[in-house]
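Enquirer:
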Amino acid sequence: MLNFKLRTAELPDLAHCLEIDASYITTHVWQMEERFERVTPEEPSPRRANLTHKSRSKIVGKPPSPRPEEFRISLRPSRLPHPLAVPAPLDEQQLLTEWKKTDFLLVAETAAEEAPSETGADMQPEIIGYIGLSVDVPRHLAWISSQAVQLDYRRQGVGRALLIEALHWADRNRLRSIMIELQTKNYPAIQFIQKNSFFFCGYNSVYYPTREIALFFGLRLERLT
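Sequential numbering of the sequence shown, starting at 11, is according to the working numbering.
1) With DSSP as the reference, please indicate the residues paired to S88 in a beta bridge.
2) Quick one: any contact between the region 105–124 and the region 141–154, if contact means 3 or more CB pairs under 8 Å?
3) Identify, in the order they occur along the chain, each residue of the same chain with its Cβ nearer than 7 Å to the Cβ of D23, setting aside the five sequence neighbours on each side.
4) Measuring CB atoms only, is the region 102–111 touching the region 201–215, in the sense that at least three cross pairs come out at less than 8 Å?
5) With DSSP run on the structure shown, which of helix, strand or coil describes G228?
6) Straight-line CA distance for G212 to L225?
7) Residues in the same chain with beta-carbon distance under 8 Å from L231, minus the five sequence neighbours each way, listed in chain order, please.
8) Go ahead and pull the three-state DSSP assignment for Q160.
9) Between the C-alpha atoms of I30 and D101, what's the straight-line distance to the nearest angstrom?
10) Indicate the three-state DSSP secondary structure (helix, strand or coil) for I141 in the structure shown.
11) Roughly how many whole angstroms lie between the Cα atoms of K15 and T112?
12) Give me the DSSP bridge partner(s) of T18.
13) So, are the CB atoms of S33 and P97 less than 8 Å apart?
14) Keeping to the same chain, check which residues put their C-beta closer than 7 Å to that of L151; ignore five residues upstream and five downstream.
15) Give the DSSP-derived three-state secondary structure of R82 in the structure shown.
16) Sort out for me which residues DSSP pairs P187 with in a bridge.
17) Pull up the distance between the alpha-carbon of E43 and that of S84, whole angstroms please.
18) Thinking just about the alpha-carbon of each residue, which of R221, T194 and V216 is nearest to the one in V39?
19) Can you tell me the Cα-Cα spacing of I200 and H92, whole angstroms?
20) When the distance is taken between beta carbons, is R89 closer than 8 Å to T37?
21) Using the Cβ count rule (16 or more neighbours within 10 Å means buried), how would you classify N196?
22) Of all the options L28, N13, Y217 and M11, which has the alpha carbon lying nearest to the alpha carbon of A19?
23) Pick from P99, Q160, F210 and W109: whose alpha carbon is nearest that of V145?
24) Can you pull the DSSP bridge partners for N214?
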């Protein structure tokens, strides 16, 4: 069983965080379909056609309100013909820029006994993951601006531990919710956050310069009493 601990990041940790490989392999991509439809006005029933049941707009001489368009979207995962290797969402410069705006950066590091040594000498703990939160003060919410776990340590509870501690930090700071944006092809991350109670709450088709669609997921925080 992997033995690791969580702690608030310090300035020297940033260089080690940059060494973490945040790339991933995906087997699915989320596809979205948008449709705009004009809502057809309902035909008046014989009862409504009676003068005593005329619409108020006609009685007072006002034009009827225009019928709005109906906007529908559908999202569904589509299996790829073969697994796709995807590079890290942010490069080193983008990460450093993001961390300057980060209000809380948490790292996971191995305990001393988890760092193997062929020489038998003691080794320093290794940083194996991180998560960063940026606070939107006016809206009382936090964004997960960065998160990664080193490849060799994935699926061992590191990512979940980082996320839970980040949620506790947001709750202690009296934030009402936490959000994250993900690319439609980041199927592993979408599965991960959905398993941790995040719900789909929107999308943006002009969010990335690559014209990829950004999906937004959120979680409402319930403060402990």
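We put the beta carbon where it would ideally sit given N, CA and C, even for glycine.
Expert: In terms of the structure at hand:
1) Paired residue(s): V39.
2) yes
3) V117 and I137
4) Flag = no, the region 102–111 and the region 201–215 do not touch.
5) Strand, per DSSP.
6) Taking the CA atoms as reference points, G212 sits about 6 Å from L225.
7) L177, A180, D181, L185, R186, S187 and I188
8) coil
9) Annotation: I30 to D101 spans about 11 Å, alpha carbon to alpha carbon.
10) strand
11) A direct Cα-Cα distance of roughly 21 Å separates K15 from T112.
12) L116
13) yes
14) L185, R186, S187, I188 and M189
15) strand
16) One detail in the question is off: residue 187 reads as Ser in this sequence, not Pro. Its beta-bridge partners are L151 and R230.
17) 5 Å
18) T194
19) 19 Å
20) Yes; because the gap between Cβ atoms is below 8 Å, this pair is in contact.
21) buried
22) L28
23) W109
24) Answer is A224.
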